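Student: If you scroll down you'll find the structure; I have some questions about it.
2 protein chains.
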Amino acid sequence: MRRAVTVLPGAGSRSGRESGYEMDVRSTRSPAMTDVAKLAGVSHQTVSRVLNDHPNVREQTRLRVRAAIAELGYRPNRAARALVTGRSQLIGIVAQNSTLYGPASLLAAFEQAAAEAGFAVSVGSVGRLDRESIAGAVERHLDQRVAGLVVIAPVASADDALEDMPAGVPLVTIDGDPARPHALVTVDQAAGARLATERLLRAGHRTVWHVSGPADWYDAAGRIEGWRASLEAAGAEVPPLVPGDWSAASGYDAGQMLARMPEVTAVFAANDHQALGLLRAFSERGRRVPDDVSVIGFDDVPEAAFLIPPLTTVRPAFDAVAHAGLDLLLGQITGENEGPERVVIAPTLVERASVANISA
Amino acid sequence: MRRAVTVLPGAGSRSGRESGYEMDVRSTRSPAMTDVAKLAGVSHQTVSRVLNDHPNVREQTRLRVRAAIAELGYRPNRAARALVTGRSQLIGIVAQNSTLYGPASLLAAFEQAAAEAGFAVSVGSVGRLDRESIAGAVERHLDQRVAGLVVIAPVASADDALEDMPAGVPLVTIDGDPARPHALVTVDQAAGARLATERLLRAGHRTVWHVSGPADWYDAAGRIEGWRASLEAAGAEVPPLVPGDWSAASGYDAGQMLARMPEVTAVFAANDHQALGLLRAFSERGRRVPDDVSVIGFDDVPEAAFLIPPLTTVRPAFDAVAHAGLDLLLGQITGENEGPERVVIAPTLVERASVANISA
DNA sequence: CGATGCATTGTTAGCGATAACAAGATCGGC
DNA sequence: GCCGATCTTGTTATCGCTAACAATGCATCG
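Protein chains in written order, with UniProt numbering: chain A, 1 to 360; chain B, 1 to 360.
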């Protein structure tokens, strides 16, 4: 790119235009606001005003400044801005260091939504969801002077860690405890569970068994609650709960048990991985899905459509959660909505082939 | 912590010590370096020296400053430091917005390693790995004045986007093209493939079939290469390649085909999801694993141990990749190692129950 | 036609840290 | 006990930006 230029030694070449040729040479430093100002023939403050969309700038000036910005390839120094405003354009997100499908998709959706709003996302993943781990990750983010914080807090211990958060930091929790005093976005777990349970009852099943997630997770608790409520509302018997831990292994174990009971014709698994374990166990024990047993999962993981049979499941709309969470957070950051707010996202049922009518 | 202290109203309490009681009251502003300096009875520069471990500070002073830091709960303002040094303590990471197990674990491992080194990680996930998406994510990070950049670039188009990167920004690519001129960390895909292929040959199989990943991924190409090399080295016939796309669905399709060929007794799948699809297809068509067909996967996803049968697979040691990548990057940031370096991580074979000797 | 007001622009003063230099304290060697 | 070298500390300038205020121009109004 840079052409070879013969420069005569001695006077002349470096003198005179401080801004022109010189600028190109020491291209190591990226242009600052004053460079733009000089080129556009205005003060740096006017450049700042253009950048921040202040109303009182003449259209003509605005255009000239924008042209100068484009010509120099200027980009504002976020550190300087953060220093003077006390706020960065960074959003911190604390999530469990896991490859669970839910958290992973949530993180991705969040990053995307934040990028659209001009924010960057700093992740602080934690190994475990205990109080110390969460507190540590929060500290690290506060260190970075994040503009706001999103914490995925699916268990009580995570919420606990948030109690002694310094006030004034915008905070949104995802999947947290609705009883806590911060802004919150959750998936309506109970509604999702009702969707699944009612679908199975509608297919003619006398009752529906449930392989649940770990009881200390709010998600799991909500799904249990919705499942039980549906059964009771329909006057169906509530069978004993089969506890699991989100893993395929626990679903398989549950399936090994359920497959031995002829009366079990419909199972609602608290997530798709457990459902996968169920499917395998049933197939091993010769119970055909959906002919003998109907199964519904939760999450709609990418593989769900390719299982045998394709899995009917509840889809939690992670991107809606992410967008809602970000909106809440941005509202707090800009100071528009003060009080904590709650957003509840309604899941939908994705019908595939793992449910059959009992009459068939 | 803070003991209840009776403060007499009137004179005395507020006067004199500008730093003591007053500080606690206007706790809205977090303490700055000058506050610490005042409390410790030194200049702010000395505080800075203590913070940055400069050699020429008297031990006694150092202790006094540290005590003041602790008492005030002072934490340095990263923005101010970034402004004056021109470098943030932020590392950007560009990865595909996906829930593929590999990238997701890599991200998590990276964040952890970076946190240990005192860096925060800003993620820029992209929907697709094309040139524009990558370039956009890189831009956003440069905007944030990241200290360094890690790009997971498993396909050529991702590398392409890095060509017109401004020089001087520390950059490490993961899974990229070794022919490119930047620092690089890769898993030795070929070695992993050899591990798998040789294991199957050693079990007495005449040859090994391969269900590959998408051909434009370097990972997939490396695994194909290793597989082919092993067969040729052993003088075994090289069967036609069965192409896949990482998904369980493609593994299932491949399995439907392979199950019809009696001569197929050993299959190496390019990842565990494809292996999962294979297992299902084989089970559907009555070919028992491992009695009739042996299968090996790649990635060691959490479910691998719980499949039926538990899957023998190649484990790429994502945390080693992350650590190596971070070391390389930190080396560039501190200016220790200039030239591009390559680190190749050797994978290991995790033996489970999906491989059997052909003699049995 | 001078005063008043608003729109537009410029000037100055920080934000909180590090870097460069200056200055006082301390020390060894003669 | 004096001198220069070294250790330790303080002072000042600066990074690039925004906030607050000042200053200009121009239209509006009594």
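Here a beta-carbon is modelled for each residue, glycine too, at the ideal position from N, C-alpha and C.
Because the structure is a prediction, the values reported are computed rather than measured.
Quick check on the burial criterion: 16 or more other C-beta atoms within 10 angstroms. Buried or exposed for residue 33 of chain A?
Tutor: For the purposes of this step, residue 33 of chain A is taken as the residue at position 33 of the first sequence. Label assigned to residue 33 of chain A: buried.
Student: With a threshold of 6 Å on Cβ separation, who are the neighbours of residue 304 of chain B within its own chain once the five nearest residues in sequence on each side are excluded?
Tutor: Your numbering for residue 304 of chain B matches position 304 in the second sequence. Contacts found: 272, 311 and 313.
Student: If distances are taken between C-alpha atoms only, which option among A:212, A:128 and A:232 comes closest to residue 267 of chain A?
Tutor: Taking the first sequence and counting its residues from 1, one reaches residue 267 of chain A at position 267. Looking at the Cα atoms, A:212 is the closest of the given residues.
Student: Return the residue from the list A:129, A:207, A:95 and A:146 that minimises the CA-CA distance to residue 90 of chain B.
Tutor: Taking the first residue of the second sequence as 1, we reach residue 90 of chain B at position 90. That would be A:146, whose Cα lies nearest to the Cα of residue 90 of chain B.
Student: According to the Cβ coordinates, are residue 302 of chain A and residue 353 of chain A closer than 8 Å?
Tutor: The residue given as residue 302 of chain A occupies position 302 in the first sequence. The residue given as residue 353 of chain A occupies position 353 in the first sequence. Going by C-beta atoms, residue 302 of chain A is not nearer than 8 Å to residue 353 of chain A.
Student: Ordered along the chain, which non-local residues of its own chain (more than five positions away) have a Cβ less than 6 Å from that of residue 196 of chain A?
Tutor: As a working mapping, residue 196 of chain A is identified with position 196 in the first sequence. Once the five neighbours on either side are set aside, the close Cβ partners of residue 196 of chain A are 268, 296 and 314.
Student: For the segment 77–89 of chain A against the segment 78–87 of chain B, do three or more pairs of beta-carbon atoms, one drawn from each stretch, fall closer than 8 Å, so that the two count as touching?
Tutor: With a cut-off of 8 Å, the segment 78–87 of chain B and the segment 77–89 of chain A count as touching, because enough Cβ pairs lie within range.
Student: Counting only Cβ pairs nearer than 8 Å, list the residues of chain B close to residue 306 of chain A.
Tutor: If you number the first sequence from 1, residue 306 of chain A lands on position 306. Within 8 Å Cβ-Cβ: 247, 248, 249, 252 and 277.
Student: Can a CB atom of chain B be found closer than 8 Å to the CB of residue 123 of chain A?
Tutor: The residue labelled residue 123 of chain A in the question sits at position 123 within the first sequence. With 8 Å as the cut-off, residue 123 of chain A counts as an interface residue toward chain B.
Student: Who are the neighbours of residue 273 of chain B on chain A, taking C-beta pairs under 8 Å?
Tutor: As a first step, residue 273 of chain B must be located in the second sequence, where it is residue number 273. Going along chain A in sequence order, the residues near residue 273 of chain B (Cβ under 8 Å) are 303.
Student: With a threshold of 8 Å between beta carbons, is residue 120 of chain A in contact with chain B?
Tutor: Taking the first sequence and counting its residues from 1, one reaches residue 120 of chain A at position 120. So, interface residue.
Student: Based on Cα-Cα distance, which residue from A:57, A:280 and A:120 lies nearest to residue 150 of chain A?
Tutor: What you label residue 150 of chain A is simply residue 150 of the first sequence in a count that begins at 1. When each option's Cα is compared against that of residue 150 of chain A, the closest is A:120.
Student: Entirely within the segment 64–101 of chain B and at least 3 residues each: give me those beta strand (DSSP E) ranges in chain order.
Tutor: Complete beta strand (DSSP E) runs here, min 3: 90–96.
Student: Along the beta strand (DSSP E) that carries residue 268 of chain A, what are the first and last residues, could you check?
Tutor: By one-based count along the first sequence, residue 268 of chain A stands at place 268. Note, residue 268 of chain A: beta strand (DSSP E), 266–269.
Student: Quick one: what's got a C-beta closer than 8 Å to residue 106 of chain B's C-beta in the same chain, skipping five residues either side?
Tutor: Taking the second sequence and counting its residues from 1, one reaches residue 106 of chain B at position 106. Correct list, in chain order: 95, 152, 174, 318, 321 and 322.
Student: Just mark residue 363 of chain B as buried or exposed, buried being the case when its beta carbon has 16 or more other beta carbons within 10 Å.
Tutor: For residue 363 of chain B there is no data in the structure shown, the boundaries of chain B being 1 and 360.
Student: Is the segment 182–190 of chain B touching the segment 115–133 of chain B in the sense that three or more CB pairs, one from each, lie closer than 8 Å?
Tutor: Verdict: no, contact absent.
Student: How about residue 215 of chain B and residue 221 of chain B: are their beta carbons less than 8 Å apart?
Tutor: One-based indexing of the second sequence puts residue 215 of chain B at position 215. One-based indexing of the second sequence puts residue 221 of chain B at position 221. Result yes, Cβ atoms of residue 215 of chain B and residue 221 of chain B sit closer than 8 Å.
Student: Nearest-angstrom Cα distance between residue 335 of chain B and residue 160 of chain A?
Tutor: As a position in the second sequence, residue 335 of chain B is number 335, starting the count at 1. As a position in the first sequence, residue 160 of chain A is number 160, starting the count at 1. Cα to Cα, the separation comes out at about 42 Å.
Student: Short check: CB of residue 226 of chain B to CB of residue 193 of chain B, under 8 Å?
Tutor: One-based indexing of the second sequence puts residue 226 of chain B at position 226. One-based indexing of the second sequence puts residue 193 of chain B at position 193. In this structure, residue 193 of chain B lies closer than 8 Å to residue 226 of chain B by Cβ.
Student: Within the 8 Å Cβ cut-off, does residue 52 of chain B reach chain A?
Tutor: Position 52 of the second sequence, counted from the start, is the residue given in the question as residue 52 of chain B. Closer than 8 Å: no.
Student: Chain B beta carbons: is any one of them nearer than 8 Å to that of residue 77 of chain A?
Tutor: Translated into the one-based positions of the first sequence, residue 77 of chain A becomes position 77. Closer than 8 Å: yes.
Student: Sorted by chain position, which residues of the same chain lie with C-beta nearer than 6 Å to residue 172 of chain B's C-beta, five sequence neighbours on each side aside?
Tutor: On the second sequence, position 172 is the one that residue 172 of chain B refers to. Excluding sequence neighbours, residue 172 of chain B sits near 150, 183, 325, 328 and 329.
Student: By Cβ distance, which residues of its chain are closer than 6 Å to residue 74 of chain A, with the 5 residues on each side in sequence left out?
Tutor: Taking the first residue of the first sequence as position 1, residue 74 of chain A is located at position 74. The answer, listed in chain order, is 31 and 36.
Student: Which whole-angstrom value describes the C-beta separation of residue 239 of chain A and residue 209 of chain A, a residue pair presumed to lie in contact below a C-beta threshold of 8 Å?
Tutor: Numbered from its first residue, the first sequence carries residue 239 of chain A at position 239. Numbered from its first residue, the first sequence carries residue 209 of chain A at position 209. So it is a contact: roughly 5 Å between Cβ atoms.
Student: Alpha helix (DSSP H) containing residue 119 of chain B: first to last residue?
Tutor: Here the question's residue 119 of chain B lines up with position 119 in the second sequence. Run containing residue 119 of chain B: none; DSSP gives neither H nor E here.
Student: To the nearest angstrom, report how far apart residue 29 of chain A and residue 69 of chain A are at their CA atoms.
Tutor: As a first step, residue 29 of chain A must be located in the first sequence, where it is residue number 29. As a first step, residue 69 of chain A must be located in the first sequence, where it is residue number 69. Going from the Cα of residue 29 of chain A to the Cα of residue 69 of chain A covers about 15 Å.
Student: When you compare the segment 242–257 of chain B with the segment 236–250 of chain A, are there three or more beta-carbon pairs, one atom per stretch, that lie closer than 8 Å?
Tutor: Flag = no, the segment 242–257 of chain B and the segment 236–250 of chain A do not touch.
Student: Under 8 Å between C-beta atoms, does residue 82 of chain A make it to chain B?
Tutor: Counting from 1 along the first sequence, the entry for residue 82 of chain A is found at position 82. Yes, because at least one Cβ of chain B sits closer than 8 Å to the Cβ of residue 82 of chain A.
Student: Should residue 23 of chain A be flagged as near chain B, meaning a C-beta pair shorter than 8 Å?
Tutor: On the first sequence, position 23 is the one that residue 23 of chain A refers to. Since pLDDT at residue 23 of chain A reaches only 38, below the 50 mark, its modelled position is unreliable, and the value read off the structure follows with that caveat. No - not a single Cβ of chain B is within 8 Å of the one on residue 23 of chain A.
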